[in-house]
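Engineer: Structure provided below as structure tokens; questions to follow.
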Amino acid sequence: MTQRDSVKAISDADSVYENLIVTVVASRNIPDLIVDDGIEGQIDAGQKFETRHWIASQLVDAGLAQFEGTIELDFSTLYKIHWKETKLQTGRKISAIPEHFYPKLRRYLQSLKQHISTEAARSNEYHNAQRLARDILNCRLKKTVSLAASTSLTGEMLQKFSAEERVLFDNLQATISKWKSNILASSVRN
Numbered sequence: 004m005t006q007r008d009s010v011k012a013i014s015d016a017d018s019v020y021e022n023l024i025v026t027v028v029a030s031r032n033i034p035d036l037i038v039d040d041g042i043e044g045q046i047d048a049g050q051k052f053e054t055r056h057w058i059a060s061q062l063v064d065a066g067l068a069q070f071e072g073t074i075e076l077d078f079s080t081l082y083k084i085h086w087k088e089t090k091l092q093t094g095r096k097i098s099a100i101p102e103h104f105y106p107k108l109r110r111y112l113q114s115l116k117q118h119i120s121t122e123a124a125r126s127n128e129y130h131n132a133q134r135l136a137r138d139i140l141n142c143r144l145k146k147t148v149s150l151a152a153s154t155s156l157t158g159e160m161l162q163k164f165s166a167e168e169r170v171l172f173d174n175l176q177a178t179i180s181k182w183k184s185n186i187l188a189s190s191v192r193n
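For what it's worth, the numbering used here labels the leading residue of the sequence shown as 4, then goes sequentially.
See the structure below:
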């Protein structure tokens, strides 16, 4: 595995997230909506419909619809994840994070950054969210490195990694294993 594999894993996770089918509710009438997902014609205000996340995001940004339920990340959720990861799970214990956490995190931070110039309160939220995100990443990275060097790993632990983290873990584990083998090689080269 290479760094390219890690970058591809992040890109793949974003693609999967963008193409998830989500439910949205029309905020107002949407005339002549034509989408490859089989949506065609007028959507009435209050009508629920399903479409891909990237299409739904465009409709939400245009004020034409709202996501049904909470699918995006917010500061409260980020804070809870931070608290759980940094305070509850100590040592090499890694907690499960929400599905599609990293794509959601990137979009949340990007959204906050875009609104800084128009909403002063968003500046503090953005900086605090960045701090929490860095703490979560650093904490999970330390645990990932520690677990990759471990010989006592369970399947349950592996399930708690996101797709992006799993590629990093596999890459680290292979590198560490090769390094250990080289260190402990029976012959010494002169």
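Ideal placement from N, C-alpha and C gives every residue a C-beta, glycine not left out.
Since the structure is predicted, the reported quantities are computational estimates derived from the model, not experimental observations.
#1: What span of residues does the beta strand (DSSP E) with Ser78 cover, start to end?
#2: I'd like to confirm something about Asn127: is its beta-carbon nearer than 7 Å to some heavy atom of the ligand ZN, or not?
#3: According to DSSP, what are the bridge partners of Phe70?
#4: Just list the residues that DSSP pairs Phe52 with in beta bridges.
#5: Would Ala166 and Ala16 qualify as a contact pair, given that the criterion is a beta-carbon distance under 8 Å?
#6: Quick one, are the C-beta atoms of Leu115 and Glu128 less than 8 Å apart?
#7: What three-state label does DSSP hand Phe164 in the structure shown?
#8: On the criterion of 16 or more Cβ atoms from any shown chain inside 10 Å, does Glu122 qualify as buried, or is it exposed?
#9: With three or more beta-carbon pairs closer than 8 Å as the criterion, would you say the segment 80 to 100 touches the segment 49 to 60?
#10: Between Leu175 and Ala151, is the Cβ-Cβ spacing less than 8 Å?
#11: Between Ala199 and the rest of its own chain, which residues show a CB-CB distance below 6 Å, the 5 nearest in sequence each way excluded?
#12: I believe Lys163 touches Ser98 by the beta-carbon criterion, under 8 Å. Please report the beta-carbon distance rounded to the nearest angstrom.
Structural biologist: In terms of the structure at hand:
#1: The sequence given here has Phe at residue 78, not Ser. It is not in any beta strand (DSSP E) - Phe78 instead sits in the alpha helix (DSSP H) that spans Phe78 to Trp86.
#2: Among the ligands in the structure shown, none appear at all, so the ligand ZN cannot be discussed.
#3: Val27
#4: Val27
#5: yes
#6: A contact, by the Cβ cut-off of 8 Å.
#7: Phe164 carries a coil assignment under DSSP once its states are collapsed to helix, strand and coil.
#8: exposed
#9: no
#10: yes
#11: For the chain, the structure presents residues 4 to 193; residue 199 sits outside this window and is missing.
#12: 6 Å
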